[in-house]
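Here is the structure we will look at, set down as structure tokens.
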Amino acid sequence: MALWMSWKVWPIASAGEDVGDIEGAVHAFDVSVRRIQERAMTPEEAVALGDQARTIREQMLSDGA
Numbered sequence: 010m011a012l013w014m015s016w017k018v019w020p021i022a023s024a025g026e027d028v029g030d031i032e033g034a035v036h037a038f039d040v041s042v043r044r045i046q047e048r049a050m051t052p053e054e055a056v057a058l059g060d061q062a063r064t065i066r067e068q069m070l071s072d073g074a
């Protein structure tokens with residue numbers, strides 16, 4: 010079963026893609042967050058996004074599963 014996942018880091022970027030399962034969704038989310046941190050954020054912003062993303066990631070792996 011494929012899942013459609015979309016996310017947005019306002020006002021920087023948004024993305025979406027088909028994923029096979031929750032692990033695929035988490036992987037896609039992690040890759041997207043890293044790209045945004047590297048390309049569009051100051052170090053302080055990157056740390057804040059990482060903290061917020063970690064919370065979302067944990068929810069995806071617990072509630073999403």
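Under the numbering used here, the final residue of the sequence shown carries the number 74; numbering is consecutive throughout. Backbone N, C-alpha and C fix where the C-beta goes; we use that ideal spot for every residue, glycine too.
Pair within 9 Å by beta-carbon distance, residue i and residue j
i     : j     : result
ALA37 : ALA22 : no
ILE46 : ALA34 : First, the residue type needs correcting, since residue 46 is Gln and not Ile in the sequence shown. Going by C-beta atoms, GLN46 is not nearer than 9 Å to ALA34.
Terminal residues of the alpha helix (DSSP H) in which residue i lies
i     : result
ASP39 : 31 to 49
ASP60 : 52 to 71
Own chain partners of residue i with C-beta closer than 8 Å, once the 5 adjacent residues on each side are dropped
i     : result
ALA62 : PHE38, ASP39, VAL42
LEU58 : VAL18, VAL42, ILE45, GLN46, MET50
ARG66 : VAL35, PHE38, ASP39
Residues that DSSP places opposite residue i in a beta bridge
i     : result
LEU12 : VAL28
Residue i beta carbon near the ligand ADP (any heavy atom closer than 8 Å)
i     : result
ILE21 : The ligand content of the structure shown is nil, which means the ligand ADP is not present either.
Close Cβ partners of residue i (< 6 Å) along its chain, the five nearest in sequence each way excluded
i     : result
LEU12 : VAL28
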